[in-house]
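K.L.:
I have a structure here, written as structure tokens, and I will follow up with some questions on it.
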Amino acid sequence: MKIELLDKGFVEFCGSFGTDLDICRAARVRPQAEWRSGGLEDAGQNDTKLLRHMLLNHHTTPFENVILRFQVKAPIFVFRQWHRHRTWTYDEISARYEELADEFYIPKLEQIGVQSTTNRQGRQILEDEELRMILPQRESEIAEYTERCELAFKSYRRLLNSGWPRELARGVLPLSTYSRMMGTVDLHNLMSFWRLRSDSHAQYEIKVYSDSMQVLVEPVVPVTMALMRSLNSMSS
Ligand SMILES: Cc1cc2nc3c(=O)[nH]c(=O)nc-3n(C[C@H](O)[C@H](O)[C@H](O)COP(=O)(O)OP(=O)(O)OC[C@H]3O[C@@H](n4cnc5c(N)ncnc54)[C@H](O)[C@@H]3O)c2cc1C
């Protein structure tokens, strides 16, 4: 269960603890309880309704009973944003311990756009016609970007070959360099991550990882995911 992302990255589902039923068991403080079936339209009490009630009313801790683990390969600038989410547990490869592979992110032409004039942090994706007008310019800029990153990796290898320690030689590498980590998080905090990083204002390069984790988590907690989606679509 691995989804390839960007030009060389991926997110891989590495395991989980807990299910929709475990969330309900925690909320009801009945560790052996069976799933109470029934949908939202039922007159009686059932666990789909309980999950919806908790999502709507921010009764959050039962959702912390589901733990999820991922392996992620992404550009370092994506990890810089990701690691601000302190409720995850991270283990990242060490560039002090091992040499980094010559792998860096090259954005697709149509994903570059221009600096947004309405959002200081974001970009504005160009319409087809606008892109066509600056296509030759953008192609030569991508070539320049790629050449600069390749040169940085050449310097990195040169410094390593002449005896520089790995922990200092890496200083010449760009933020687009790919890194790899394991990340573990509970469902409550993953939903908070999704709220911020699957939002339309999130940077595209982290949003694709955030969106893909929703696909990977779907089979683990299908009822919660369906409810989360329907509540999100109601509020947007
Ligand atoms: C669009 C966008 C723009 C951003 N721009 C910037 C920027 O310009 N500069 C910048 O530095 N960051 C920026 N950030 C990062 C942002 O400020 C948060 O650090 C990041 O989104 C993690 O959110 P969080 O703290 O809710 O997540 P987590 O760290 O996972 O925390 C989840 C929740 O746990 C609680 N919590 C966790 N740790 C503590 C604690 N120590 N004390 C109290 N409560 C805690 C809080 O309720 C928190 O909301 C940006 C984020 C987004 C989405």
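Mapping the sequence shown onto the numbering used here, position 194 (from 1) lands on 239, and the numbers just tick up by one. Ideal placement from N, C-alpha and C gives every residue a C-beta, glycine not left out. All values derive from a computational prediction rather than experimental measurement.
(1) When every heavy atom of ligand 1 is checked, does at least one fall within less than 7 Å of the C-beta of Thr-132?
(2) Just to confirm, is the Cβ distance from Asp-67 to Asn-102 under 8 Å?
(3) So what's Leu-180 in DSSP terms, helix, strand or just coil?
(4) Please report how far the alpha carbon of Arg-131 lies from the alpha carbon of Ala-197, in whole angstroms.
(5) Please report the residue range of the beta strand (DSSP E) in which Thr-132 lies.
(6) Threshold first: 4 residues or longer. Then list the alpha helix (DSSP H) segments lying entirely within the stretch 111-175, N to C.
(7) Ignoring anything shorter than 4 residues, give me the alpha helix (DSSP H) runs that lie fully in the stretch 209-250, in order along the chain.
(8) Cα separation between Arg-193 and Glu-175?
(9) For Ser-255, is the beta carbon positioned less than 7 Å from some heavy atom of ligand 1?
(10) Can you check DSSP and say which residues form a bridge with Val-262?
(11) Return helix, strand or coil for Lys-53, following the three-state DSSP convention.
(12) Kindly confirm or deny that the stretch 154-168 and the stretch 237-257 touch, where touching means at least three C-beta pairs closer than 8 Å.
(13) Please tell me whether Pro-120 and Tyr-142 are closer than 8 Å, where the distance is taken between their beta carbons.
(14) Give a single yes or no on whether Arg-114 has its beta carbon closer than 7 Å to a heavy atom of ligand 1.
(15) By DSSP, does Ser-61 sit in helix, in strand, or in coil?
(16) When we look at the beta-carbon of Ala-88 and count the other beta-carbons within 10 Å, is it buried (16 or more) or exposed?
(17) How many whole angstroms separate the CB atoms of Arg-225 and Ile-138, which I take to be in contact at a CB cut-off of 8 Å?
P.N.:
To lay it out plainly:
(1) Because some heavy atom of ligand 1 lies under 7 Å away, the Cβ of Thr-132 counts as near it: yes.
(2) No; because the gap between Cβ atoms is not below 8 Å, this pair is not in contact.
(3) The three-state reading of DSSP puts Leu-180 in helix, counting H, G and I together.
(4) Between the C-alpha atoms of Arg-131 and Ala-197 there is a straight-line separation of about 31 Å.
(5) Under the DSSP assignment, Thr-132 falls outside any beta strand (DSSP E); it carries neither an H nor an E label.
(6) Scanning the stretch 111-175 from its first residue to its last, the whole alpha helix (DSSP H) runs of 4-plus residues come out as 121-127.
(7) When DSSP assignments are scanned along the stretch 209-250, the uninterrupted stretches of alpha helix (DSSP H) that are 4 or more residues long and fall wholly within it turn out to be 211-214 and 232-242.
(8) Rounded to the nearest angstrom, the two C-alpha atoms are 26 Å apart.
(9) False, no ligand heavy atom lies under 7 Å from that Cβ.
(10) Residue pairing from DSSP leaves Val-262 without any beta-bridge partner.
(11) DSSP, read as helix, strand or coil, puts Lys-53 in coil.
(12) With the rule of 3 Cβ pairs closer than 8 Å, the stretch 154-168 counts as touching the stretch 237-257.
(13) Contact: no.
(14) At a threshold of 7 Å, Arg-114 does not count as near ligand 1, since its beta carbon sits no closer than that to any of the ligand's heavy atoms.
(15) DSSP places Ser-61 within a strand segment (E or B) once states are collapsed to three.
(16) The residue is exposed, with fewer than 16 neighbouring Cβ atoms inside 10 Å.
(17) With a Cβ gap of about 5 Å, Arg-225 and Ile-138 count as contacting.
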